[in-house]
Structure formats: structure tokens, C-alpha cells
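A.B. asks: This is the structure I want to talk about, given as C-alpha cells.
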Amino acid sequence: GENVEQHPSTLSVQEGDSAVIKCTYSDSASNYFPWYKQELGKGPQLIIDIRSNVGEKKDQRIAVTLNKTAKHFSLHITETQPEDSAVYFCAASKPRNAGNMLTFGGGTRLMVKP
Amino acid sequence: DTGVSQNPRHKITKRGQNVTFRCDPISEHNRLYWYRQTLGQGPEFLTYFQNEAQLEKSRLLSDRFSAERPKGSFSTLEIQRTEQGDSAMYLCASSLMDKRETQYFGPGTRLLVL
């Protein structure tokens, strides 16, 4: 089955700096890669996603890059703010006709210091 | 769009008791997923429904677990003869089987088995 590795497990940055979280996946059939933000006591909230036919996607301060050959993808957050502090999860899934079940990484706890 | 809702939000039970959780997906979402999340880990897939049909079950879903989605709307997850190892956050997500098929998560039910 699919295996998703995520690094680092914790990341501390100063407000205004950039943060980068990296994930690798094992199954070359995976074609959908969402990123979720989870705050304490809440369910994961989708922040950005990318499909395998695209190499990069950006939404304001958040960007995701995908390297299908190397089977890794990354989340980039620029101009970090204290409210960005949370746990971030990457995930991978196969085409929707295979069920689209998500396999998650272990998470990255991001702390943005004011 | 009122989002995915889950009840109860918290459940404390004694080992050996049965518990049942409910998930109400976003209306018109035809896919519904159950995941389990233990402390400090990413969510792990348990099972999913397309309308009322249960199409996939993870090996994590032992015989003590059963899920239903009788009319293709809300779903229930029952755990029989609970064990301490069942203590976790149980997350529900729903999606519309369209081009994007984003999974939206509920707030989760936190189960503690004493």
C-alpha cells in the first residue's frame, strides 16, 4: 500500500519567515496530494491540494510543489503569522475510481513565534 | 453548506462497553469516509461508503467495528466490546464524486476507553 513520510515533525519559525514542509510517497499510482491544517481539538481543514498533472500551485501565501519523478511534494508558507501555528498533514491518494482514500503523513507541528 | 457534523464530540466509556458514533456529511456528498487518529499521528483510513454501499474496509477495522450508511445520508460507526487501544479521535469526511473530490472533515469524536 501507499506510504507517506513527512518531515520535519516540528518546525519553529519567526513571524514573517517562510516555512517549508516536505513529504515523500511510495505509490507511483497516487495522483492527488492535499495538505490539511489541524488546530487543537478540531478536524483537519484543507488548505491546498495539487494533482499529478500540475507541478506547482499557489494560493496567496501558500504554495505546493510536486515532483512526480522523485515522488515528493512540499508545502511552502511565506510571511508566516502566529495564526499559522498548527499541525500540518500531507496526504496522497489514488484516482477517484479507486476510492480516493487518503494516506496521511505523520504531521508537522508548526510554531510561529511573534 | 453547514459542513460535516459528528456526534458526540467526546465519549468516555469503560472497557467492554459498546459505543456508537454518528456522522452527518455535507448534503449531496455521495462519498463518506471514516478515519481514526491517535495522539501525535496522522489520520488512518478505516472505511468508506459511496451512497449506501460500503466499498472498502481497512485491515484496521476489526470485527468489533461496524459502519453503516442506511439511506446514503448519515453514517454510524459502532465499536463493540471496546478496548483501551480503541481510544482515539474518530474522524468523518465527505466528498462529492466530481472532478475535484475534495474530502471535508468533521470535528471528530474523541473516544476514551477506561
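Keeping their order, the protein sequence lines are chains U and G. Here the first sequence stands for residues 1 to 114, numbered as in the working numbering. Here the second sequence stands for residues 1001 to 1114, numbered as in the working numbering. Each residue gets a CB set at the ideal place from its N, CA and C atoms; glycine is no exception.
Quick one: Cα of S1119(G) to Cα of G1(U), how far?
C.D. replies: A query on residue 1119(G) cannot be resolved here, the shown segment of chain G reaching from 1001 to 1114 and no further.
A.B. asks: What residues in the segment 64–84 of chain U have a beta carbon less than 7 Å from any beta carbon of chain G?
C.D. replies: Per Cβ criterion, the list is empty.
A.B. asks: At the 8 Å Cβ level, is L46(U) part of the contact set with chain G, yes or no?
C.D. replies: Judged by the 8 Å Cβ criterion, L46(U) is in contact with chain G.
A.B. asks: On a Cα-Cα basis, can you pick out the residue from E39(U), K42(U), G43(U), A92(U) that is closest to I50(U)?
C.D. replies: For the residues E39(U), K42(U), G43(U), A92(U), the minimum Cα distance to I50(U) belongs to A92(U).
A.B. asks: If we define contact as Cβ-Cβ less than 8 Å, is P1025(G) a contact residue for chain U?
C.D. replies: Not an interface residue.
A.B. asks: Nearest-angstrom Cα distance between Q1006(G) and D1063(G)?
C.D. replies: Their Cα atoms are separated by approximately 23 Å.
A.B. asks: Round the Cβ separation of Q38(U) and A86(U) to the nearest angstrom and send it over; I've been treating them as touching at under 8 Å.
C.D. replies: Correct: roughly 6 Å between the Cβ atoms.
A.B. asks: Starting from N67(U), trace the beta strand (DSSP E) in both directions and tell me its first and last residue.
C.D. replies: Unbroken beta strand (DSSP E) run through N67(U): 62–67.
A.B. asks: With a threshold of 16 other CB atoms inside 10 Å of the CB of G1017(G), please say whether the residue is buried or exposed.
C.D. replies: A small fix is needed here, since residue 1017(G) is Gln in this sequence, not Gly. With fewer than 16 Cβ atoms within 10 Å of its Cβ, Q1017(G) is classed as exposed.
A.B. asks: According to the Cβ coordinates, are T1109(G) and F1021(G) closer than 8 Å?
C.D. replies: Their beta carbons are under 8 Å apart, which means T1109(G) touches F1021(G) by this criterion.
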